[in-house]
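**Q** Before we start, here is the structure in question, set down as structure tokens.
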Amino acid sequence: MIKIHIAGRMGRRVDLGVDFFRSAFEADYARYLRWTQTDYSYQPETFKVNLGGEERSYTPDFYITKDDTWIELKATRLKEDDRFSVLMNANILKVEALKAQKKQISVIYMNDFYKMLRKLKLYDVIPNLENRDYAGTRHLICSD
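Those letters in the sequence shown? Residues 87 to 230, by the numbering used here.
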């Protein structure tokens, strides 16, 4: 079972440069992109989207340069009767609004991501994966 920690993992990672990640999942996804030598930007652009006649701001988590694709990471899938799930998926309507603007955007769920890493035999290979060693990677986080 994968534990989801809401707070305590925000910060810059010493192995990932200057980006300030909001979760271990975001940091691990950046490590995967680096491992696969995929050019990316972390939260490089904020879009205006219309939700119910109201303009809102939305910043996807990653931009993959070669594919011209935006990536939104989610800890859990949306379950209407689960308050935590609803909270974690608050941006899903914004994702759909961005698709309506003809932007290429994909949602990646945490369980699917780590299953993919295991299937590709990368889970035990990519250095410093926080999901693999949560306590042992705490020293990588700078909260400045």
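Backbone N, C-alpha and C fix where the C-beta goes; we use that ideal spot for every residue, glycine too.
Do Gly97 and Phe106 have their C-beta atoms within less than 8 Å of each other?
**A** Taking the sequence shown and counting its residues from 1, one reaches residue 97 at position 11. Taking the sequence shown and counting its residues from 1, one reaches residue 106 at position 20. Yes, these two residues count as a Cβ contact at 8 Å.
**Q** Nearest by alpha-carbon distance to Asp153: which of Lys189, Tyr220, Ala183 is it?
**A** Position 67 of the sequence shown, counted from the first residue, corresponds to residue 153. Closest option to Asp153, Cα to Cα, is Lys189.
**Q** Check the C-beta distance from Asp114 over to Leu215 and give it rounded, since I have them as a contact under 8 Å.
**A** On the sequence shown, residue 114 is found 28 positions in, with the first residue counted as 1. On the sequence shown, residue 215 is found 129 positions in, with the first residue counted as 1. That pair is a contact at about 5 Å.
**Q** Give me, in chain order, the residues of the same chain whose beta-carbon lies closer than 7 Å to that of Cys228; leave out the 5 immediate sequence neighbours on both sides.
**A** Stepping through the sequence shown from its first residue, residue 228 is reached at position 142. Gly97, Arg98, Val100, listed in sequence order.
**Q** Would you kindly work out how many angstroms separate the C-alpha atoms of Ala221 and Gly138, rounded to a whole number?
**A** On the sequence shown, residue 221 is found 135 positions in, with the first residue counted as 1. On the sequence shown, residue 138 is found 52 positions in, with the first residue counted as 1. If you take the alpha carbons of Ala221 and Gly138, they lie about 42 Å apart.
**Q** If you compare alpha carbons, which of Met196, Lys207, Ile212, Leu208 is closest to Lys160?
**A** Start at 1 with the first residue of the sequence shown, and residue 160 comes out as number 74. A check of alpha carbon separations from Lys160 across Met196, Lys207, Ile212, Leu208 identifies Met196 as the nearest.
**Q** Cutting at 7 Å between CB atoms, please list the residues of its own chain near Asn217, excluding the five before and the five after it.
**A** Reading the sequence shown from its first residue, position 131 is the one you call residue 217. Closer than 7 Å at the Cβ level, and outside the excluded window around Asn217, lie Ile88, Ala110, Asp114, Tyr200.
**Q** Of the choices Lys134, Ser143, Pro130, whose alpha-carbon is the least far from that of Thr151?
**A** Position 65 of the sequence shown, counted from the first residue, corresponds to residue 151. Relative to Thr151, the option among Lys134, Ser143, Pro130 whose CA is nearest is Pro130.
**Q** Are the CB atoms of Lys185 and Ile306 within a distance shorter than 8 Å?
**A** Absent from the model: residue 306. The displayed extent of the chain is 87 to 230, so no value can be given.
**Q** Assuming contact is defined by CB atoms lying nearer than 8 Å, are Lys134 and Ser143 in contact in what I supplied?
**A** Residue mapping note: residue 134 aligns to position 48 of the sequence shown, counting from 1. Residue mapping note: residue 143 aligns to position 57 of the sequence shown, counting from 1. Taking 8 Å as the Cβ cut-off, Lys134 and Ser143 qualify as a contacting pair.
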